[in-house]
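Q: Mind looking over this structure? Questions follow.
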Amino acid sequence: MEEKIKFPLFSGHLSLDLVNTEVVRNGARIDLLTSADDLIQWIDTLIKKGYLSQQQISGNVKEWALEALPLMRNIRSSLRKAYEDFADGKEPDDEWIKNLEAQIKKAPFTYQLKENQLIARPVGRSEDALIAVLAYDALTLYAENKLSNMHHCANPDCVLLFMDTRGRRKWCSMKIFGNREKVTRYQKRKNVLD
Numbered sequence: 116m117e118e119k120i121k122f123p124l125f126s127g128h129l130s131l132d133l134v135n136t137e138v139v140r141n142g143a144r145i146d147l148l149t150s151a152d153d154l155i156q157w158i159d160t161l162i163k164k165g166y167l168s169q170q171q172i173s174g175n176v177k178e179w180a181l182e183a184l185p186l187m188r189n190i191r192s193s194l195r196k197a198y199e200d201f202a203d204g205k206e207p208d209d210e211w212i213k214n215l216e217a218q219i220k221k222a223p224f225t226y227q228l229k230e231n232q233l234i235a236r237p238v239g240r241s242e243d244a245l246i247a248v249l250a251y252d253a254l255t256l257y258a259e260n261k262l263s264n265m266h267h268c269a270n271p272d273c274v275l276l277f278m279d280t281r282g283r284r285k286w287c288s289m290k291i292f293g294n295r296e297k298v299t300r301y302q303k304r305k306n307v308l309d
């Protein structure tokens, strides 16, 4: 039986969720999208969580996932660079925006009303359609000025990014790193009292 990958931090923003398919485990950077099966599993997880609609991807994913993999890595690399720049307080260059617009032109959108929800459906090759959805998500975040809320995890060994609209969050996951920090502070206080 094939092992299921646990993808981290689903933000509800496809482009950020793609960037966060690179993680650090035991001090080494790990790519969670190394095979067509990994990509199929990631897409399936996004659909199950409701972040991606089945109508937004065309054809049988198993038939085009292998061809989409290098395209996914390319856009992930571009998005990671830009999102890390935003986390560092920098704006991306105009080429980044032009590149995303070019990706959308390869699979422009039509719209479909389904269950009282308007769904943007890219039209084009299946692999280009997925890239267009990711590019559209990134441009939407940019246009709505949401990328200014991008942050690096406070754990220096973590490469995950997150958006914080309240300005109080430090870690990508309070469950993982926040609890570790609390335990460390508690142990320091306890040692001082002993």
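In this note's numbering, the protein residues as written are 116 to 309. Glycine included, each C-beta is placed from N, C-alpha and C at the ideal position.
I'd like the span of the beta strand (DSSP E) that includes K229, first residue to last.
A: If you number the sequence shown from 1, residue 229 lands on position 114. Residues F224 to K229.
Q: Using CA coordinates, which residue listed in C268, C273, D272 and L275 is at the minimum distance from R283?
A: The residue given as residue 283 occupies position 168 in the sequence shown. Nearest C-alpha to R283: C268.
Q: Please give me, in chain order, every unbroken run of the alpha helix (DSSP H) with length at least 4 that falls completely inside the region 176 to 228.
A: Complete alpha helix (DSSP H) runs here, min 4: 176 to 202 and 209 to 220.
Q: Determine, using beta carbons only, whether T160 comes closer than 9 Å to chain D.
A: This model lacks chain D altogether; it includes just one protein chain.
Q: Measure the Cβ-Cβ separation of D152 and A180 and say whether it is below 9 Å.
A: Looking up residue 152 in the sequence shown gives position 37. Looking up residue 180 in the sequence shown gives position 65. Contact flag set, yes.
Q: Report the three-state DSSP secondary structure of E242 (helix, strand or coil).
A: Here the question's residue 242 lines up with position 127 in the sequence shown. Reduced to three states, the DSSP call for E242 is helix.
Q: Which class does I234 belong to by DSSP, given the choice of helix, strand or coil?
A: Here residue 234 refers to the residue found at position 119 of the sequence shown. Note: I234 maps to strand in three-state DSSP.
Q: Between the beta-carbon of Q218 and the beta-carbon of L249, is there less than 9 Å?
A: Within the sequence shown, the letter at position 103 stands for residue 218. Within the sequence shown, the letter at position 134 stands for residue 249. Against a cut-off of 9 Å, the Cβ pair of L249 and Q218 comes out as a contact.
Q: Determine the closest residue to L276 out of H128, I212, T160 and E230, with distance taken between C-alpha atoms.
A: For this step, residue 276 is matched to residue 161 along the sequence shown. With distances taken between Cα atoms, L276 lies closest to H128.
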